[in-house]
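Letter by letter, the sequence shown follows residues 9 to 256 of the numbering used here.
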Amino acid sequence: MSRFALPVSFLFMSMAVACGGSGRPPAEQAPAVAPAAAVASHMSDHFSRVHEVEEAVIRGDLEAAAEPARWLQNHATMGGLPAGSEPFVTEMRNAASAVASTDNVGNAAVATATMLATCGRCHTATGVTPKMQEVTPSAPAEGISRHMREHQYAVDLMAEGLMRPSDALWKQGAEALKTSPLASAELPDVPKNVAEMETRVHELADRAIDATDSGARTAIYGQIVGDCASCHGSHGKVWGPGVGKSKG
Numbered sequence: 009m010s011r012f013a014l015p016v017s018f019l020f021m022s023m024a025v026a027c028g029g030s031g032r033p034p035a036e037q038a039p040a041v042a043p044a045a046a047v048a049s050h051m052s053d054h055f056s057r058v059h060e061v062e063e064a065v066i067r068g069d070l071e072a073a074a075e076p077a078r079w080l081q082n083h084a085t086m087g088g089l090p091a092g093s094e095p096f097v098t099e100m101r102n103a104a105s106a107v108a109s110t111d112n113v114g115n116a117a118v119a120t121a122t123m124l125a126t127c128g129r130c131h132t133a134t135g136v137t138p139k140m141q142e143v144t145p146s147a148p149a150e151g152i153s154r155h156m157r158e159h160q161y162a163v164d165l166m167a168e169g170l171m172r173p174s175d176a177l178w179k180q181g182a183e184a185l186k187t188s189p190l191a192s193a194e195l196p197d198v199p200k201n202v203a204e205m206e207t208r209v210h211e212l213a214d215r216a217i218d219a220t221d222s223g224a225r226t227a228i229y230g231q232i233v234g235d236c237a238s239c240h241g242s243h244g245k246v247w248g249p250g251v252g253k254s255k256g
């Protein structure tokens, strides 16, 4: 099932335009737009690529992030998108270009957060409320694995809060992230800086809970993703959501 669907009202509106429902003579009609189903499919593809970029950057795997980022940067814009979406398409392409062209995890994380927030601001500006698949808690686990899955659940909620956008989902994710960091005894084989990053991610949750505007949330999410990526990339292999590549 697609994780992105346009509202029924928008689909019917697009179908009416595509079928010439305005009643204007042919010479005065606007250029033909894509069928509503094609628009919905295109946006679903768009969302999937954004999600691929996000997961790859969280893993610290910039090589894997580059391909979907280049797709977002270069794919053709189709007709039938809501009026007012044009500047956000440009912003999205610029952020995707930043991900595809950098070898710095921190820069990629900021650009990824910008992509997610741009989706949300576009949805607000155009009056489109996307239907997304519900974020559900991860399967039970023990020890560090359980803790990392809790991280992922919280971050997924915050990401959807940016993209929809949704204050409720953002705050739910921030609250879920506001848990006690792993104690040093639980991280016996990792460098001190990794433990510090793990602690900082939880500390950022406090700031996330209080953040109310898109700019502040984007900056905080970028920091969280950057710390996750730096931590995952410090173990000799890429860890994190999705299928990562092995290193070393």
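Yeah, the Cβ is synthetic: ideal placement off N, Cα and C, and Gly gets one too.
Here's the rule: buried if 16 or more other CB atoms are within 10 angstroms of the residue's CB, otherwise exposed. What is residue i?
i: Thr126; result: buried
i: Glu75; result: exposed
i: Cys236; result: buried
i: Glu63; result: buried
i: Thr187; result: exposed
i: Asp175; result: exposed
i: Ile228; result: buried
i: Ala116; result: buried
i: Asp218; result: exposed
i: Ala148; result: Residue identity differs from the one stated: residue 148 is Pro in this sequence, not Ala. By the neighbour-count rule (16 or more Cβ atoms within 10 Å), Pro148 is not buried but exposed.
i: Glu168; result: buried
i: Pro173; result: buried
i: Gly241; result: buried
State the Cα-Cα distance for the pair residue i and residue j, rounded to the nearest angstrom.
i: His155; j: Cys239; result: 14 angstroms
i: Thr132; j: Asp69; result: 31 angstroms
i: Arg67; j: Ser93; result: 30 angstroms
i: Ala119; j: Gly128; result: 14 angstroms
i: Ala108; j: Gly135; result: 30 angstroms
i: Thr137; j: Gly223; result: 20 angstroms
i: Glu158; j: Phe55; result: 23 angstroms
i: Ala106; j: Ala45; result: 30 angstroms
i: Ala184; j: Val233; result: 15 angstroms
i: Asp214; j: Thr220; result: 12 angstroms
i: Arg78; j: Met123; result: 13 angstroms
i: Ser52; j: Gln231; result: 27 angstroms
i: Gln81; j: Gly114; result: 19 angstroms
i: Gly181; j: Met166; result: 5 angstroms
i: Ala84; j: Lys179; result: 35 angstroms
i: Met140; j: Thr110; result: 29 angstroms
i: Pro189; j: Val47; result: 43 angstroms
i: Asn112; j: Ile152; result: 27 angstroms
i: Val58; j: Val202; result: 27 angstroms
i: Thr226; j: Glu150; result: 31 angstroms
Is residue i close to the ligand COA? I mean its beta-carbon at under 7 angstroms from any heavy atom of the ligand.
i: Ser109; result: The ligand content of the structure shown is nil, which means the ligand COA is not present either.
- Query: Does the count of Cβ pairs from the segment 199–217 and the segment 86–95 closer than 8 angstroms reach three?
  - Reply: no
- Task: Take every Cβ of the segment 139–154, pair it with every Cβ of the segment 99–107, and state whether three or more of those distances are shorter than 8 angstroms.
- Result: no
- Task: Ignoring anything shorter than 4 residues or poking outside the segment 94–140, list the alpha helix (DSSP H) runs there in chain order.
- Result: 94–109 and 113–134
- Identify every run of the alpha helix (DSSP H) within the segment 145–221, keeping only runs that are complete inside it and at least 4 residues long; order them along the chain. 151–171, 175–185 and 200–218
- Task: Enumerate, from N- to C-terminal direction, the unbroken alpha helix (DSSP H) stretches of 4 or more residues contained entirely within the segment 48–91.
- Result: 70–82
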